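For the sequence shown, my numbering assigns the number -13 to the initial residue and increments by one for each residue that follows.
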Amino acid sequence: MIPSVGPLDTGRRLRSTIAAMQVRLAIGDFSKMTHLSVKALRHYHDVGLLEPAEIDPDSGYRYYEASQLRTAQVIRRFRDLNMPLDEIRSMLHAPDVGARNAIIVAHMQRMETQLAVTQAAVSSLRTLLERPLAPTTIENRSVGEVAALAIAERVTAADLAAWWVGAFTELDGALRDAAVPAAGPRAALYPAEIFEQEVGEIVAFVPVETAVTGSGRARMTQVPAAELAVAVHHGAFADLDQTYAALGVYVAEREIGVDGPIRENYLVTPFETSEASEHVTEVCWPVFQTASMG
C-alpha cells in the first residue's frame, strides 16, 4: 500500500528541500566533498572558474552551496585530463551542447595526439636500449636552387609536430587545387635556433616546376642551393636524433660544417603510410664542400 502524504508531510519536505538548497558549505568541507584543495578552490575563485556562493564580508570566509558540488566535480575530472582552465571556463559557459562538445572533442583529440607521441617515445627508448645502432651511410651531395611552394612560420618545438602536419596538408591541397604536380619530395628547413632555443622560423616546402598562385599561408619561394652531407633515416620521427647524431659526428670529425639550416627531405611520410617503421627521411647537414670527401 502506498502511504498517503498529508499537508503536514508535504510542508516538511518542502522546508527540508529549501534548507538543503540554501545550506552553506565552508570551504574546508567543500574541499573534502570535492577532493579539490582549498588552494585550488581559492585559485578557481580568483580566475572566475568557480566562485563561492557567498563571502562573509567580515571574515572573508568563502561558502559554497550544495548545488555547486557537481560543477566542482566536473572541473576536477577535466583538470585530471589536463584541460586548461580557460577551456574549462569556456565549456562551463558554453551557449549550447554543441559548443560544449566541440571544446571537449578538441581536447580529446589533443590528448590522443599526445598519447601517440608518448607511445612513440616509449617505443623509441626501447629500441635505443635493446638494439645496437645500425651503421649510418652518409653521402655528399650538391643541390641547386629550386622553386617551391612554401609555408614559412615561426614555430615552437612543442607545436612543431602539429604544425608540420597542418603545413604539408595545406601545401598538398594548394597544389591539388592548382593542378600542379610536385617536382620533388616534401621537405623542410630548420634553423639552428629551433634546436638551441626551441623556437625558430621553419620553412616547409614542396618543389614545383610551375609557379603556383599563393593562397592561405602558401607562397612561392626560391630554396637556395646548398652543399650537403646526407644520411637516410628509416623509421619514426621520434628516432631522428640518432641519424642526426651520426651525421653530426661525421661533419664534426671532418670540420666541414657551415652555418645554415638543416634540411629534411621526406621520401615516405605519414601521408603515405601510418606505419612509422616504413617512413623514410633524408637528413641534410650543410657543409662547405662535397667533392673529394671520404
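In this text, a Cβ means the ideal position worked out from N, Cα and C, and glycines have one as well. On a predicted model such as this, the values are computed, not experimentally measured, just so you know.
Is it true that the CB of Ala224 sits closer than 8 Å to the CB of Ala107?
yes
As a quick exercise: from Glu98, Glu179, Asn87 and Val194, pick the residue whose alpha carbon is nearest that of Ala173.
When each option's Cα is compared against that of Ala173, the closest is Val194.
Measuring alpha carbon to alpha carbon, tell me which of Ile89, Ala164 and Ile188 ends up nearest Gly152.
Ile188
Bridge partners of Tyr252, per DSSP?
Arg172 and Thr267
Boundaries (first-last residue) of the alpha helix (DSSP H) holding Glu73:
Leu71 to Leu78
Extent of the continuous beta strand (DSSP E) run through Gln208:
Arg205 to Val209
Cross-strand partners of Ile41 (DSSP beta bridge):
Arg48
Rank Gly202, Val141 and Thr123 by C-alpha distance to the C-alpha of Tyr230 and give the top, closest one.
Thr123
Just the Cα atoms here: how many angstroms apart are Glu261 and Glu131?
Taking the CA atoms as reference points, Glu261 sits about 32 Å from Glu131.
Which of the three DSSP states is assigned to Thr199 in this structure?
coil
Pop quiz: Ala168 and Val192 are said to be a contact at Cβ under 8 Å. What is the actual Cβ separation, rounded to whole angstroms?
5 Å
Does the region 133 to 144 come close enough to the region 212 to 220 to have 3 or more Cβ pairs within less than 8 Å?
no
Quick one: residues in its chain with C-beta nearer than 6 Å to the C-beta of Val24, no 5 flanking neighbours on either side, listed in chain order?
Ile13 and Ser17
Taking the alpha carbon of Tyr252 as the point to measure from, which residue in Glu264, Gln59 and Glu40 has its own alpha carbon closest?
Glu264
Which residue's Cα is closest to the Cα of Arg75: Gly84, Ile61 and Glu241?
Of the listed residues, the one whose Cα sits closest to Arg75 is Ile61.
On the DSSP bridge list, what partners appear for Ala133?
Gln208
Can you give me the C-alpha to C-alpha distance between Val266 and Thr255, rounded to a whole angstrom?
Across the structure, Val266 and Thr255 are spaced so that their CA atoms are roughly 7 Å apart.
Please state if the CB of Leu135 and the CB of Leu175 are separated by a distance shorter than 8 Å.
Against a cut-off of 8 Å, the Cβ pair of Leu135 and Leu175 comes out as no contact.
Do Thr57 and Leu78 have their C-beta atoms closer together than 8 Å?
For Thr57 and Leu78, yes; Cβs fall inside 8 Å.
Would you call the CB atoms of Ile248 and Cys270 closer than 8 Å?
yes
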